[in-house]
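S.K.: Take this structure first; my questions come after.
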Amino acid sequence: MPQLLFTTAAFRPHGAALSDVPMLIDDDMRLIEPACAWLMHIALVRGRTRSAATWRTYGEALYDWWQTLAANDWAWDQVGARELAAYRDGMLNGTRTAPGRRYARTTINQRLRIVAMFYAWAHGCDLVDRSPAEAVDAVRVRARPSMLAHVDASGGKRPAIELTLRETPRPPRVLEAQTLRLIMDQLGSRDRLMATWALTTGMRRGEVAALAASAVKAPVAQRFDQAPVQPVLLDVTKGGRSRFIYPPTPLVDRTRAYLREERAAAVRYAQRRDAAYVEPVQLFLSESGAALTPRRVGAMFSAACRAVGVRSSFHALRHTFATRALALLQRQAERFPDTNPLLVVQTLLGHADLQTTGIYLQLVAADLLAAEVVADQIYDLVA
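Going by my numbering, the letters in the sequence shown line up with residues 33 to 415, in that order.
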């Protein structure tokens with residue numbers, strides 16, 4: 033069966049180190065050339081995919097497809113729409129996953145689109161006669177009308193791969209205060225800090241993992257010393273869009289204590305073990321002094337959720353922050369009509385598109401009282 037590997041800093045195309053590029057190899061440990069060539073194109077050429085996390089997503093999707101090819105004895109350059117449909121149905125009905133577990137429709141569609149992108153590239157390189165995902169449907173996009181809607185001749189329809197499934201938008205899952213307390217009780221001091229940063233600022237797991245130690249060593253300006261929140265600039269974000277976040281001052285103080293004590297102990301331990309050890313710039317480190325990966329940040333929170341019988345993920349902390357922030361801002365807008373709650377939350381979350389932020393409107397509208405209860409209690413977690 034194919035295997036998925038990632039390059040290290042020793043990989044230097046064009047003379048520059050390039051790590052974390054996915055590569056597929058076969059049973060004989062040889063590169064699967066068409067797959068690797070496309071993944072290299074994604075990492076080196078394509079301007080819209082500059083994130084290693086995006087490369088991983090593409091690599092994992094192509095790896096899953098190549099496993100399907102091997103399991104069914106299909107030739108990668110001979111498959112058609114029927115094989116792709118069978119692949120889709122296997123993800124949908126659970127025959128390709130652990131017993132009783134099925135892929136979400138959004139995940140299935142994402143993988144189909146990535147496989148379709150690969151075949152479109154292969155067709156453009158004359159590696160295949162035609163793409164198995166060429167057929168498209170015109171689907172209606174349910175979105176807020178834009179400023180130029182009056183000159184849009186598409187009628188709100190956009191092309192989509194015929195093989196993709198209809199997606200039913202679901203409101204984000206928000207964690208209630210009581211559930212949060214149970215989960216937090218399962219976390220160690222460092223992991224609790226990371227979760228609280230996400231809960232009170234809306235940070236993604238990758239942003240928490242990449243948060244620099246220098247960001248909390250001193251306030252941005254003296255006037256923020258006694259302020260209820262501390263502005264922190266995030267440079268490593270999804271899509272490369274820098275933004276400010278505003279963690280509560282008590283949380284920043286606790287984080288500085290972690291920096292002086294627990295983190296410093298991990299650095300000393302690593303220095304004793306290896307004279308060549310270089311202290312990472314990241315704030316949160318493992319016990320051995322290594323920077324934490326986004327996957328490990330997510331895994332520790334998921335383990336705590338399972339320990340208390342809750343199905344959730346680290347991203348639910350971001351949803352919880354967004355929902356309570358929107359609820360509070362909507363209350364504030366009653367007194368200050370010039371406030372636009374949705375735009376404020378969009379800025380805090382770093383969303384490129386306001387429509388993405390709009391998913392929280394339905395949740396707040398459906399249960400504003402519950403959201404306000406969460407909002408009133410949530411800061412107790414950092415006290």
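Glycine included, every Cβ here is placed at the ideal spot set by N, Cα and C. None of the values given here were measured: they were computed from a predicted structure.
DSSP puts R275 in a beta bridge; with which residues?
M.R.: Locating residue 275 in the sequence shown gives position 243, where the first residue counts as 1. L266, per the DSSP bridge assignment.
S.K.: Would you mind sorting V406 into buried or exposed? The rule is 16 or more other CB atoms within 10 Å of its CB.
M.R.: Taking the first residue of the sequence shown as 1, we reach residue 406 at position 374. Low confidence applies to V406: its pLDDT is 43, below 50, so where it sits in the model is not reliable enough to give any reading.
S.K.: With distances taken between CB atoms, is the gap from G91 to P34 smaller than 8 Å?
M.R.: Along the sequence shown, read from residue 1 onward, the residue named residue 91 stands at position 59. Along the sequence shown, read from residue 1 onward, the residue named residue 34 stands at position 2. For G91 and P34, no; Cβs fall outside 8 Å.
S.K.: From the DSSP output, in three-state form, read off P312 for me.
M.R.: For this step, residue 312 is matched to residue 280 along the sequence shown. DSSP places P312 in coil when its eight states are reduced to three.
S.K.: Going by CA-CA distance only, name the one from V329, V376, P164, R304 that's closest to S320.
M.R.: Working through the sequence shown from its first residue, we reach residue 320 at position 288. The residue with the shortest Cα to Cα distance from S320 is R304.
S.K.: With respect to the beta strand (DSSP E) encompassing M55, which residues constitute its N-terminal and C-terminal limits?
M.R.: For the purposes of this step, residue 55 is taken as residue 23 along the sequence shown, with counting starting at 1. Taken as a continuous stretch (DSSP letters only), the beta strand (DSSP E) holding M55 covers 54-57.
S.K.: Note down the Cα distance separating V77 from D60, rounded to an integer number of angstroms.
M.R.: Locating residue 77 in the sequence shown gives position 45, where the first residue counts as 1. Locating residue 60 in the sequence shown gives position 28, where the first residue counts as 1. Cα to Cα, V77 sits roughly 28 Å from D60.
S.K.: Please report the distance separating the alpha-carbon of A354 from that of W229.
M.R.: Sequence index remark: in the sequence shown, residue 354 carries index 322 (1-based). Sequence index remark: in the sequence shown, residue 229 carries index 197 (1-based). Whole-angstrom Cα-Cα distance: 13 Å.
S.K.: On the three-state DSSP scale, how would you describe L375?
M.R.: What you label residue 375 is simply residue 343 of the sequence shown in a count that begins at 1. Looking at L375 - three-state DSSP - the assignment turns out to be helix.
S.K.: Just mark Q262 as buried or exposed, buried being the case when its beta carbon has 16 or more other beta carbons within 10 Å.
M.R.: Counting from one through the sequence shown, the residue named residue 262 turns up at place 230. When all chains shown are included, Q262 counts as buried.
S.K.: Look at the alpha carbon of Q142 and the alpha carbon of A297, and state the distance between them as a whole number of angstroms.
M.R.: Locating residue 142 in the sequence shown gives position 110, where the first residue counts as 1. Locating residue 297 in the sequence shown gives position 265, where the first residue counts as 1. The alpha-carbon atoms of Q142 and A297 are separated by roughly 42 Å.
S.K.: Would you give the residue range spanned by the alpha helix (DSSP H) that Q142 belongs to?
M.R.: Residue numbering aside, residue 142 sits at position 110 when the sequence shown is read from its first letter. Its alpha helix (DSSP H) spans residues 137-156.
S.K.: Excluding the five sequence neighbours on either side, which residues of its own chain have a C-beta within less than 8 Å of the C-beta of Y278, listed in chain order?
M.R.: Here residue 278 is taken as the residue at index 246 of the sequence shown, counted from 1. Cβ neighbours of Y278 beyond the five flanking positions: T233, V261, Q262, P263, V264, L380.
S.K.: Return the chain-ordered list of same chain residues with a C-beta closer than 6 Å to the C-beta of F276, the five sequence neighbours on each side being excluded.
M.R.: Here residue 276 refers to the residue found at position 244 when the sequence shown is read from its first residue. Contacts found: P263, L265.
S.K.: Rounded to a whole number of angstroms, what is the C-alpha to C-alpha distance between L195 and A165?
M.R.: Reading the sequence shown from its first residue, position 163 is the one you call residue 195. Reading the sequence shown from its first residue, position 133 is the one you call residue 165. Going from the Cα of L195 to the Cα of A165 covers about 7 Å.
S.K.: Using CA coordinates, which residue listed in S51, A85, A42, L36 is at the minimum distance from G238?
M.R.: On the sequence shown, position 206 is the one that residue 238 refers to. Minimum Cα distance to G238 is reached at A85.
S.K.: Counting Cβ pairs closer than 8 Å, one from the region 64-77 and one from the region 110-119, do we hit at least three?
M.R.: Verdict: no, contact absent.
S.K.: Alpha carbon to alpha carbon, what distance is there between V329 and E293?
M.R.: Here the question's residue 293 lines up with position 261 in the sequence shown. Here the question's residue 329 lines up with position 297 in the sequence shown. Taking the straight line from one Cα to the other gives about 20 Å.
S.K.: Assuming V377 and A357 make a contact with CB atoms under 8 Å, what is their CB distance in whole Å?
M.R.: Reading the sequence shown from its first residue, position 345 is the one you call residue 377. Reading the sequence shown from its first residue, position 325 is the one you call residue 357. Confirmed, Cβ separation roughly 5 Å.
S.K.: Tell me, to the nearest whole angstrom, how far the beta carbon of V206 is from that of L315; I am working on the premise that it is less than 8 Å.
M.R.: Residue numbering aside, residue 206 sits at position 174 when the sequence shown is read from its first letter. Residue numbering aside, residue 315 sits at position 283 when the sequence shown is read from its first letter. Contact flag wrong, Cβ pair sits at about 26 Å.
S.K.: Select from D306, R114, A154 the residue whose C-alpha is nearest the C-alpha of H73.
M.R.: Position 41 of the sequence shown, counted from the start, is the residue given in the question as residue 73. With distances taken between Cα atoms, H73 lies closest to A154.
S.K.: Residue ranges of each alpha helix (DSSP H) run of no fewer than 4 residues wholly in the region 302-371, ordered along the chain?
M.R.: DSSP runs (the alpha helix (DSSP H)) wholly in the region 302-371: 326-339, 347-367.
S.K.: If the criterion is Cβ atoms closer than 8 Å, does the pair M332 and D158 meet it?
M.R.: Within the sequence shown, numbered from 1, the residue matching residue 332 stands at position 300. Within the sequence shown, numbered from 1, the residue matching residue 158 stands at position 126. Not in contact: M332 and D158 (Cβ atoms no closer than 8 Å).
S.K.: Please list, in chain order, all residues of the same chain as S344 whose beta carbon is under 6 Å from its beta carbon, the five residues on each side excluded.
M.R.: Position 312 of the sequence shown, counting from 1, holds the residue named residue 344. Excluding residues within five positions, the ones whose Cβ falls inside 6 Å are C337.
S.K.: Considering only residues of the same chain and omitting the five flanking positions on each side of F150, which have a CB-CB separation below 7 Å?
M.R.: Residue 150 sits at position 118 when you count from the first residue of the sequence shown. Cβ within range, chain order: W70, L94.
S.K.: I believe L124 touches R134 by the beta-carbon criterion, under 8 Å. Please report the beta-carbon distance rounded to the nearest angstrom.
M.R.: Residue 124 sits at position 92 when you count from the first residue of the sequence shown. Residue 134 sits at position 102 when you count from the first residue of the sequence shown. That pair is a contact at about 6 Å.
S.K.: Just curious, the beta strand (DSSP E) that Q35 is in, first and last residue?
M.R.: Your numbering for residue 35 matches position 3 in the sequence shown. Start and end: 35-38.
S.K.: Hey, A209 and M216 are a contact pair by Cβ (cut 8 Å); roughly how many whole angstroms apart?
M.R.: Looking up residue 209 in the sequence shown gives position 177. Looking up residue 216 in the sequence shown gives position 184. 10 Å between Cβ atoms; not a contact.
S.K.: Determine the extent of the alpha helix (DSSP H) in which V261 is found, giving its start and end residues.
M.R.: Numbered from 1 along the sequence shown, position 229 holds the residue referred to as residue 261. Looking at the DSSP string, V261 is not in any alpha helix (DSSP H), and its letter there is neither H nor E.
S.K.: Is DSSP giving Y95 helix, strand or coil here?
M.R.: If you number the sequence shown from 1, residue 95 lands on position 63. Looking at Y95 - three-state DSSP - the assignment turns out to be helix.
S.K.: Could you tell me the distance, in whole angstroms, from the CA atom of V147 to the CA atom of S334?
M.R.: Counted from its first residue, the sequence shown places residue 147 at position 115. Counted from its first residue, the sequence shown places residue 334 at position 302. Using only the alpha carbons, I get a separation of about 29 Å.
S.K.: Assuming L361 and P373 make a contact with CB atoms under 8 Å, what is their CB distance in whole Å?
M.R.: Start at 1 with the first residue of the sequence shown, and residue 361 comes out as number 329. Start at 1 with the first residue of the sequence shown, and residue 373 comes out as number 341. Right, the Cβ-Cβ distance comes to about 4 Å (below 8 Å), so this counts as a contact.
S.K.: Return the bridge partner residues of L63 from the DSSP annotation.
M.R.: Walking along the sequence shown from the start, residue 63 turns up at place 31. Partner(s): I57.
S.K.: Beta-carbon within less than 8 Å of L283's beta-carbon, same chain only, minus the 5 sequence neighbours each way: which residues are those?
M.R.: Here residue 283 refers to the residue found at position 251 when the sequence shown is read from its first residue. Excluding residues within five positions, the ones whose Cβ falls inside 8 Å are L225, T228, W229, T232, V414.
S.K.: Quick one: give me the first and last residue of the alpha helix (DSSP H) that M123 is part of.
M.R.: To locate residue 123, count along the sequence shown from 1; it is residue 91. Its alpha helix (DSSP H) spans residues 113-125.
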